[in-house]
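Numbering (the working numbering), first residue to last: 89 to 474.
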């Protein structure tokens with residue numbers, strides 16, 4: 089029987105101050121190396137990448153790169169070509185803090201490994217199945233046509249991974265399930281999944297929208313921006329900086345954006361920390377409740393990412409408000425154990441699961457699939473809809 093050849097796959101998640109990486113042996117999915125390099129005071133981004141390339145070695149067969157924003161040009165992962173790079177650059181204005189550094193990582197990998205395929209995996213791709221009633225804003229339609237102003241959604245690779253694992257845990261095919269996936273870290277997004285596809289999600293044109301987050305405001309009245317400009321005498325960019333970096337849990341508590349800190353301080357009687365936590369849970373309830381309505385019920389709720397995976401207190405607070413929808417938590421299962429598990433009671437109509445996310449393995453699988461389905465990999469599988 090013919091077996092697939094082993095392929096050494098380097099997965100990169102490039103940020104401005106750090107680069108996360110994993111090296112897989114595929115298709116066994118064995119991890120050969122992993123790490124998170126943070127840039128030193130005198131270290132360039134290129135220096136960080138060269139260090140990772142040294143660790144990965146010269147025998148890498150392919151790379152996979154996280155790209156935050158693909159707009160509506162990329163409904164699936166793609167092999168990188170010059171045309172793909174041009175298309176990605178054309179929408180970088182939608183994620184100016186992320187896309188340029190993502191693309192620079194691709195260029196450096198291409199330069200270091202010029203004879204192997206490189207794949208781009210987009211945070212936004214999973215959400216391209218949303219209907220117009222989910223992704224359109226109620227502004228003049230011409231702005232959508234001319235400027236692509238619409239909801240795109242993020243954390244798509246994470247939501248896609250946990251959907252697959254939930255299907256396994258529940259013993260049902262993903263295309264028969266209604267799921268609400270809660271990716272709760274410093275960034276937070278909630279996604280309604282119907283029949284194996286994203287149906288709605290909380291983040292919008294940018295990752296600033298949606299639920300209250302660690303330092304991001306989430307949804308606010310748009311009129312707040314010009315109002316603050318007038319009252320504080322500041323420019324739009326400064327207001328956006330405040331909304332992105334000084335708001336959310338940090339802004340309300342005045343102390344920290346870390347849920348662990350706030351839970352501890354709130355127990356000591358700090359009222360604003362408790363208020364921040366209560367507001368956080370309330371905003372999550374708003375989206376989860378909305379998605380119960382949009383899906384006409386749900387078969388399961390998934391908790392993932394740093395807080396979702398590791399904070400039984402937050403999970404319990406969220407589930408306490410959802411009994412109306414058939415969500416009943418097993419408090420002992422919620423408080424005990426770690427890793428992937430079911431934490432709802434045996435009689436809960438809606439199952440509740442904790443599923444550690446694994447975006448890197450999805451990226452590696454996508455890269456392998458693209459290469460195997462496109463032997464002449466230099467042409468790529470270009471998903472372009474414009």
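Here a beta-carbon is modelled for each residue, glycine too, at the ideal position from N, C-alpha and C. Predicted, not measured: the structure shown is a model, and the values here were computed from it.
- Message: Taking only three categories from DSSP, how would you classify residue 225?
- Response: The residue given as residue 225 occupies position 137 in the chain shown. Coil, per DSSP.
- Assuming residue 442 and residue 391 make a contact with CB atoms under 8 Å, what is their CB distance in whole Å? If you number the chain shown from 1, residue 442 lands on position 354. If you number the chain shown from 1, residue 391 lands on position 303. Between residue 391 and residue 442 the Cβ distance is about 5 Å, and since that is below 8 Å, they are a contact.
- Message: For the alpha helix (DSSP H) containing residue 318, name the first residue and the last one.
- Response: What you label residue 318 is simply residue 230 of the chain shown in a count that begins at 1. Residue 318 -> alpha helix (DSSP H) spans 312-320.
- Beta carbon of residue 331 nearer than 9 Å to that of residue 347: Position 243 of the chain shown holds residue 331. Position 259 of the chain shown holds residue 347. Between residue 331 and residue 347, the gap from beta carbon to beta carbon reaches 9 Å or more.
- In or out: residue 324 buried (at least 16 other Cβ within 10 Å) or exposed? Within the chain shown, numbered from 1, the residue matching residue 324 stands at position 236. That one is exposed.
- Task: Please report how far the alpha carbon of residue 293 lies from the alpha carbon of residue 102, in whole angstroms.
- Result: Here residue 293 corresponds to residue number 205 of the chain shown, with the count starting at 1. Here residue 102 corresponds to residue number 14 of the chain shown, with the count starting at 1. Going by the C-alpha atoms only, they are around 21 Å apart.
- Which class does residue 291 belong to by DSSP, given the choice of helix, strand or coil? Walking along the chain shown from the start, residue 291 turns up at place 203. Note: residue 291 maps to coil in three-state DSSP.
- Message: Taking only three categories from DSSP, how would you classify residue 373?
- Response: Against the chain shown, residue 373 aligns to sequence position 285. Three-state result, residue 373: helix.
- Does the pairing of the stretch 151-163 with the stretch 192-209 give three or more beta-carbon distances under 8 Å? In short, these stretches touch, since the Cβ pair count reaches three.
- Beta-carbon proximity list for residue 208, same chain, < 6 Å, skipping 5 on both sides: Against the chain shown, residue 208 aligns to sequence position 120. The answer, listed in chain order, is 153, 155, 166 and 168.
- Query: Per the contact definition of three or more C-beta pairs closer than 8 Å, is the stretch 109-117 in contact with the stretch 132-151?
  - Reply: Contact holds: three or more Cβ-Cβ distances are below 8 Å.
- Query: Which first and last residues belong to the beta strand (DSSP E) in which residue 172 is found?
  - Reply: In the chain shown, counting from the first residue as 1, residue 172 sits at position 84. No beta strand (DSSP E) holds residue 172; the alpha helix (DSSP H) holding it covers 170-178.
- On the three-pair Cβ rule with 8 Å, is the stretch 233-241 touching the stretch 261-272? no
- How would you call residue 196, buried or exposed, if buried means at least 16 neighbouring beta carbons within 10 angstroms? For the purposes of this step, residue 196 is taken as the residue at position 108 of the chain shown. The residue is buried, with at least 16 neighbouring Cβ atoms inside 10 Å.
- Would you tell me roughly how many angstroms separate the C-alpha atoms of residue 241 and residue 368, rounded to the nearest one? Position 153 of the chain shown, counting from 1, holds the residue named residue 241. Position 280 of the chain shown, counting from 1, holds the residue named residue 368. The alpha-carbon atoms of residue 241 and residue 368 are separated by roughly 19 Å.
- Query: Could you give the distance in angstroms between the alpha-carbon of residue 424 and the alpha-carbon of residue 254?
  - Reply: What you label residue 424 is simply residue 336 of the chain shown in a count that begins at 1. What you label residue 254 is simply residue 166 of the chain shown in a count that begins at 1. Looking at the two C-alpha atoms, the distance is approximately 19 Å.
- Item | Closer than 8 Å: residue 231 CB and nearest the ligand ZN heavy atom | The ligand content of the structure shown is nil, which means the ligand ZN is not present either.
- Task: Classify residue 348 as helix, strand or coil using the three-state DSSP reduction.
- Result: The residue you call residue 348 lines up with position 260 of the chain shown. Three-state DSSP puts residue 348 in a helix.
- Message: Rounded to the nearest angstrom, what separates residue 264 and residue 223 at their Cα positions?
- Response: Your numbering for residue 264 matches position 176 in the chain shown. Your numbering for residue 223 matches position 135 in the chain shown. Spanning the two alpha carbons is a distance of roughly 23 Å.
- Task: Could you please give me the residues that DSSP links to residue 124 through a beta bridge?
- Result: Taking the chain shown and counting its residues from 1, the one referred to as residue 124 is at position 36. 108.
- Between residue 403 and residue 431, is the Cβ-Cβ spacing less than 9 Å? Residue 403 sits at position 315 when you count from the first residue of the chain shown. Residue 431 sits at position 343 when you count from the first residue of the chain shown. Against a cut-off of 9 Å, the Cβ pair of residue 431 and residue 403 comes out as a contact.
- Task: Please report the residue range of the alpha helix (DSSP H) in which residue 194 lies.
- Result: In the chain shown, counting from the first residue as 1, residue 194 sits at position 106. Segment 187-200, the alpha helix (DSSP H) holding residue 194.
- Can we say the stretch 271-289 touches the stretch 309-325, given the rule of at least three CB pairs closer than 8 Å? no
- Item | Selected residue, minimal CA-CA separation from residue 435, among 456, 428, 413 and 446 | Numbered from 1 along the chain shown, position 347 holds the residue referred to as residue 435. Nearest of 456, 428, 413 and 446 to residue 435, Cα basis: 413.
- Going by beta carbon distance, what residues of the same chain come within less than 8 Å of residue 488, once the five residues before and after it are set aside? This structure leaves residue 488 out entirely; the chain is present only between 89 and 474.
- Task: Below 8 Å on the Cβ atoms is my guess for residue 97 versus residue 452; work out the distance and round it to an integer in Å.
- Result: Within the chain shown, numbered from 1, the residue matching residue 97 stands at position 9. Within the chain shown, numbered from 1, the residue matching residue 452 stands at position 364. Rounded, the Cβ-Cβ distance is 5 Å, consistent with contact.
- Message: Taking only three categories from DSSP, how would you classify residue 410?
- Response: Position 322 of the chain shown, counted from the start, is the residue given in the question as residue 410. In this structure, residue 410 counts as coil in the three-state DSSP scheme.
- Measuring alpha carbon to alpha carbon, tell me which of 311, 182 and 427 ends up nearest residue 395. Working through the chain shown from its first residue, we reach residue 395 at position 307. Selected option, being the one with the closest Cα: 427.
- DSSP three-state call for residue 117: helix, strand or coil? Counted from its first residue, the chain shown places residue 117 at position 29. Residue state for residue 117 is assigned as coil, using DSSP reduced to three classes.
- Query: Around the C-beta of residue 130, are 16 or more other C-beta atoms found within 10 angstroms, so that it is buried, or is it exposed?
  - Reply: Working through the chain shown from its first residue, we reach residue 130 at position 42. The residue is exposed, with fewer than 16 neighbouring Cβ atoms inside 10 Å.
- Message: So the candidates are 133, 99, 333 and 125; which of them puts its Cα closest to the Cα of residue 118?
- Response: If you number the chain shown from 1, residue 118 lands on position 30. Comparing Cα-Cα distances from residue 118 to each of 133, 99, 333 and 125, the minimum goes to 99.
- residue 459 (DSSP reduced to helix, strand or coil): Along the chain shown, one-based indexing puts residue 459 at 371. Residue state, collapsed to three classes: helix.
- Just confirm the distance between the C-beta atoms of residue 281 and residue 260, as a whole number of angstroms; I'd bet it's less than 8 Å. To locate residue 281, count along the chain shown from 1; it is residue 193. To locate residue 260, count along the chain shown from 1; it is residue 172. Approximately 13 Å separates the beta-carbon atoms of residue 281 and residue 260; this is outside 8 Å, ruling out the contact.
- Query: Any idea which residues DSSP pairs residue 269 with across the strands?
  - Reply: If you number the chain shown from 1, residue 269 lands on position 181. Per DSSP, 279 and 390.
- Message: The alpha helix (DSSP H) that contains residue 329, what's its start and end?
- Response: Taking the first residue of the chain shown as 1, we reach residue 329 at position 241. From DSSP, the alpha helix (DSSP H) with residue 329 extends over 324-333.
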